[in-house]
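Q:
Protein chains: 2
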Amino acid sequence: MSILVLGTVALDTVKTPSGIREKMLGGSAVHFSMSSRLFTEVNLVAVVGSDFPLTYMRFLKRKGIVVTSLIREEGLTFKWEGEYRGDLNAALTLNTELGVLATFKPCISEGQKKIKNIFLANVDPDIQLYFLGQACPGAFVGLDSMNFWIKNKRTSLLKVLKKADIFVANDQEARDLSEEANLLKAAKKLYSLGPRMVLIKKGEHGLFFYSKDFVFALPAYPMEKVTDPTGAGDTFAGGFMGYLAQARKINTTYLKKALIYGTVAASFNVEDFGVERTSGVNLRQLNQRVKDFTKIISI
Amino acid sequence: MSILVLGTVALDTVKTPSGIREKMLGGSAVHFSMSSRLFTEVNLVAVVGSDFPLTYMRFLKRKGIVVTSLIREEGLTFKWEGEYRGDLNAALTLNTELGVLATFKPCISEGQKKIKNIFLANVDPDIQLYFLGQACPGAFVGLDSMNFWIKNKRTSLLKVLKKADIFVANDQEARDLSEEANLLKAAKKLYSLGPRMVLIKKGEHGLFFYSKDFVFALPAYPMEKVTDPTGAGDTFAGGFMGYLAQARKINTTYLKKALIYGTVAASFNVEDFGVERTSGVNLRQLNQRVKDFTKIISI
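As they're listed, the protein sequences go chains V and U.
At position 62 of the first sequence (counting the first as 1) the number is 62 in our numbering, and the numbers step up by one without a gap.
Each number in our numbering corresponds to the 1-based position in the second sequence with 299 added.
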């Protein structure tokens with residue numbers, strides 16, 4: 001089954017202890033697509049400006065990503081500039097230029113309106129709501145957000161949350177939105193706000209999943225070297241949603257498997273800048289690392 | 300098979316957001332014993348001063364702990380005073396009084412010299428070495444330490460490390476002793492220093508185990524409320540060593556099971572001050588929570 005992802009396509013300038021990249025291809029929808037493409041057809045819904053390099057557009061197509069709803073508008077592409085220091089756990093945002101993202105109105109084709117797997121990557125929750133209004137009713141909806149929207153568009157975000165099947169958040173976002181410092185309490189609180197499942201990503205410390213049917217904790221894949229964590233959460237979500245879309249069934253076993261695939265997809269992402277590593281990964285490599293990881297976590 | 304534990308018996312004054320306790324029974328050997336006693340006979344080797352309450356001594360005996368090598372000397376019992384704020388992840392040490400611990404020379408009986416499971420809980424590594432000189436050669440040796448010794452008695456600690464089968468450290472201790480910020484690299488480096496196994500405890504983030512035969516990552520037991528984390532690491536070690544001693548065999552399956560038992564034992568410890576919770580726990584309750592935890596981590 002295909003996936004429809006709404007999010008950002010960005011030009012990222014990232015500095016880490018390993019080096020620097022300027023205006024490289026990034027954004028939540030791009031990172032999501034790079035892992036989900038390994039499982040199924042991915043339809044990317046986003047906007048770029050007139051400065052967006054055609055080489056990047058061709059690159060996305062070459063990776064099999066459907067870009068018919070990736071709109072190019074007059075103006076500048078969304079740009080993010082950030083730096084990671086020390087233990088690479090948190091990015092320091094140096095600059096954000098919204099550009100054409102500021103007035104973005106997503107628009108999808110009739111075919112895309114039938115897609116039953118939707119991921120709302122991190123964009124303005126009002127855009128997420130507008131988008132959901134066009135999308136397939138009854139689709140399986142994954143939702144991501146960020147602290148900026150939690151703080152500035154809480155009401156809209158709570159509305160999207162009610163429509164989501166699974167809410168994915170990092171630990172800080174989960175704490176901020178739930179107003180609970182303890183992660184188990186945070187997960188329960190978020191669950192009470194509407195979604196059927198809550199997934200809290202703890203970066204190098206793994207994840208915690210909460211639903212009515214089961215709770216699940218998973219460590220991260222142990223890494224010796226992290227080059228650039230930008231997009232790890234979106235790559236995780238792509239692996240998770242991709243696996244589920246391909247499984248065509250949602251139950252405890254498949255959900256746990258999907259969480260493992262997401263974790264492993266994210267481990268590839270952090271090995272190099274942007275999508276430099278994930279864009280070259282194939283399903284065989286992903287499966288092999290899932291096998292290695294399964295050994296590490298099997299009791 | 301019995302266990303011999305060398306460590307401290309202390310009078311702890313602890314303040315957490317949940318309240319305060321003054322001069323309660325604590326210390327590394329006490330916390331270790333409270334969980335290991337559920338599996339086997341535990342012989343505690345430590346020193347207390349003349350101010351050590353007889354009620355505490357009777358309490359230890361009542362819990363089945365063999366205290367024949369718990370020496371009472373003229374002087375004051377080791378005292379630790381600490382506070383936890385906010386997320387309870389790190390203790391702020393307010394005061395430490397070594398008392399009789401400063402001149403402690405452990406001395407064990409002929410029977411105890413035959414015990415084949417030894418845990419060197421956190422004390423001066425020179426005391427640990429002196430103790431090992433008396434203990435059963437070829438015994439299975441677990442080793443714990445702390446930042447103070449890593450900084451001030453590195454050479455002695457490295458000597459004990461060479462004699463240990465398993466070294467247990469929290470993440471910060473592992474980083475400090477190995478001089479590697481990355482935990483996987485730290486585990487490998489510590490492994491190269493002598494022990495057959497390295498176990499890095501990450502508190503609420505679980506643990507990472509490294510050996511030649513296998514690596515293993517385990518999340519922590521999800522807790523809604525943490526009252527007092529003091530002694531969680533020692534309680535973990537007690538559950539781990541206790542399970543192994545009772546299993547009478549060390550292989551991948553038993554080691555993983557032992558790590559799970561240690562994790563669950565620690566989860567009881569943090570639910571109340573000192574040993575207030577663990578001293579009341581029985582094996583049935585421990586097994587039940589192991590069952591619950593196994594569900595949460597099974598893939």
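Ideal Cβ positions, reconstructed from N, Cα and C, are used throughout, including at glycine.
(1) Beta-carbon within less than 8 Å of A169 (chain V)'s beta-carbon, same chain only, minus the 5 sequence neighbours each way: which residues are those?
(2) List, in order along the chain, the chain C residues whose C-beta lies closer than 8 Å to that of G233 (chain V)?
(3) Since S566 (chain U) is in the alpha helix (DSSP H), which residue starts that stretch and which ends it?
(4) Can you give me the Cβ contacts of K362 (chain U) inside the same chain, cut-off strictly under 8 Å, excluding the 5 residues immediately before and after it?
(5) Name the chain V residues that come within less than 7 Å of I596 (chain U), Cβ to Cβ?
(6) Can you name the residues of chain V whose CB is closer than 7 Å to the CB of P522 (chain U)?
(7) State yes or no: is the C-beta of F592 (chain U) within less than 8 Å of the C-beta of K555 (chain U)?
(8) Considering Cα atoms alone, identify which of V:K162, V:E97, V:H31 is closest to Q128 (chain V).
(9) If you follow the alpha helix (DSSP H) that V226 (chain V) is in, where does it begin and where does it stop?
(10) Tell me the rounded alpha-carbon separation between K314 (chain U) and R320 (chain U).
(11) If we cut at 8 Å on Cβ distances, does D228 (chain V) have a partner in chain U?
(12) Who pairs with M323 (chain U) in a beta bridge, going by DSSP?
(13) Give the single residue among U:E372, U:L387, U:S408, U:G381 whose Cα lies nearest to the Cα of A401 (chain U).
(14) My assumption, with CB atoms under 8 Å, is that N416 (chain U) sits in contact with M540 (chain U). Please give the rounded CB distance.
(15) Going by C-alpha distance, which of V:T8, V:P219, V:T55, V:V67 is nearest L120 (chain V)?
(16) Give, in chain order, every residue of the segment 62-77 of chain V whose Cβ lies closer than 9 Å to some Cβ of chain U.
(17) Using a Cβ cut-off of 8 Å (strictly closer), state whether T593 (chain U) contacts chain V.
(18) Determine the extent of the beta strand (DSSP E) in which F572 (chain U) is found, giving its start and end residues.
(19) Counting only Cβ pairs nearer than 7 Å, list the residues of chain U close to A181 (chain V).
(20) Compare the Cα-Cα distances from K378 (chain U) to each of U:S327, U:A389, U:L343, U:F358 and report the closest residue.
(21) Would you say F240 (chain V) lies against chain U (beta-carbon separation less than 8 Å)?
(22) For F507 (chain U), which residues in chain V fall below 8 Å Cβ to Cβ?
(23) To the nearest angstrom, report how far apart T77 (chain V) and Y520 (chain U) are at their CA atoms.
(24) Taking the beta carbon of T392 (chain U) as the centre, do at least 16 other beta carbons fall within 10 Å, making it buried, or is it exposed?
(25) By how many angstroms is the C-alpha of D165 (chain V) removed from the C-alpha of S192 (chain V)?
(26) At what residues does the beta strand (DSSP E) containing N451 (chain U) begin and finish?
(27) If you follow the beta strand (DSSP E) that T392 (chain U) is part of, which residue opens it and which one closes it?
(28) I'd like to check one pair, A237 (chain V) with F208 (chain V): are the Cβ atoms closer than 8 Å?
(29) Please report the residue range of the beta strand (DSSP E) in which K116 (chain V) lies.
(30) Determine which residues of the segment 256-273 of chain V have a Cβ less than 8 Å from any Cβ of chain U, and write them out in chain order.
(31) Taking the alpha-carbon positions, what's the A546 (chain U) to F351 (chain U) distance?
(32) If you draw a straight line from the C-alpha of F39 (chain V) to the C-alpha of A266 (chain V), how long is it?
(33) Let me check understanding here. Comparing Cα to Cα, which of U:L387, U:K484, U:E382, U:K412 lies closest to S368 (chain U)?
(34) Of all the CB atoms in chain U, is at least one closer than 8 Å to the CB of H205 (chain V)?
(35) How would you label N342 (chain V), buried or exposed, when you count the other beta carbons within 10 angstroms and need 16 or more for buried?
(36) Which whole runs of the beta strand (DSSP E) in the segment 150-174 of chain V are 3 residues long or more, in chain order?
A: Walking through what the data contain:
(1) In its chain, beyond the 5 residues on either side, D144, S145, L177, L190, V198, L199, I200, K201 have a beta carbon closer than 8 Å to the beta carbon of A169 (chain V).
(2) Note that chain C does not occur in the displayed structure, where the protein chains are V and U.
(3) Run containing S566 (chain U): 551-568, per the alpha helix (DSSP H) assignment.
(4) Result list for K362 (chain U): S332, M333, R336, S578, in chain order.
(5) Contact annotation for I596 (chain U) against chain V: A217, I299 [CB-CB distance below 7 Å, chain order].
(6) Position check: residue 522 (chain U) holds Met in this sequence, whereas Pro was assumed. Ordered by position in chain V, the residues that pass the 7 Å Cβ test against M522 (chain U) are L184.
(7) Contact check for F592 (chain U) against K555 (chain U) fails: the beta carbons are separated by 8 Å or more.
(8) Of the candidates V:K162, V:E97, V:H31, V:K162 places its Cα closest to the Cα of Q128 (chain V).
(9) Run containing V226 (chain V): none; DSSP gives neither H nor E here.
(10) One C-alpha to the other measures close to 7 Å.
(11) Not closer than 8 Å to any Cβ of chain U, the Cβ of D228 (chain V) fails to qualify, so no.
(12) BP columns for M323 (chain U) point to U:D311.
(13) Check the Cα spacing between A401 (chain U) and each of U:E372, U:L387, U:S408, U:G381: the tightest is with U:E372.
(14) Going by Cβ atoms, the distance from N416 (chain U) to M540 (chain U) rounds to 6 Å, so yes, they are a contact pair.
(15) Of V:T8, V:P219, V:T55, V:V67, the smallest CA-CA separation from L120 (chain V) is found for V:T8.
(16) Listed in sequence order: no entries.
(17) True, the Cβ-Cβ gap to chain V drops below 8 Å.
(18) That residue, F572 (chain U), is in no beta strand (DSSP E); it is neither H nor E in DSSP.
(19) At a C-beta separation below 7 Å, A181 (chain V) has these neighbours in chain U: D386.
(20) It is U:S327.
(21) It does not: the Cβ of F240 (chain V) has no partner Cβ on chain U nearer than 8 Å.
(22) Those are P219, P222, listed as they occur along chain V.
(23) So the two alpha carbons sit approximately 44 Å from each other.
(24) Exposed, because fewer than 16 other Cβ atoms sit within 10 Å of the Cβ of T392 (chain U).
(25) Spanning the two alpha carbons is a distance of roughly 12 Å.
(26) Premise fails: N451 (chain U) lies in the alpha helix (DSSP H), 446-451, not in any beta strand (DSSP E).
(27) From DSSP, the beta strand (DSSP E) with T392 (chain U) extends over 390-396.
(28) No, they are not a contact pair.
(29) Run containing K116 (chain V): none; DSSP gives neither H nor E here.
(30) Within the segment 256-273 of chain V, the residues whose Cβ lies closer than 8 Å to some Cβ of chain U are K256, K257, I260, listed in chain order.
(31) Their Cα atoms are separated by approximately 35 Å.
(32) Their backbone Cα atoms lie some 15 Å apart in a straight line.
(33) Cα-wise, what sits closest to S368 (chain U) is U:K412.
(34) Judged by the 8 Å Cβ criterion, H205 (chain V) is in contact with chain U.
(35) No answer is possible for residue 342 (chain V): the residues shown for chain V start at 1 and end at 299.
(36) Secondary structure within the segment 150-174 of chain V: the beta strand (DSSP E) runs of 3 or more consecutive residues, fully enclosed, are 166-170 (chain order).
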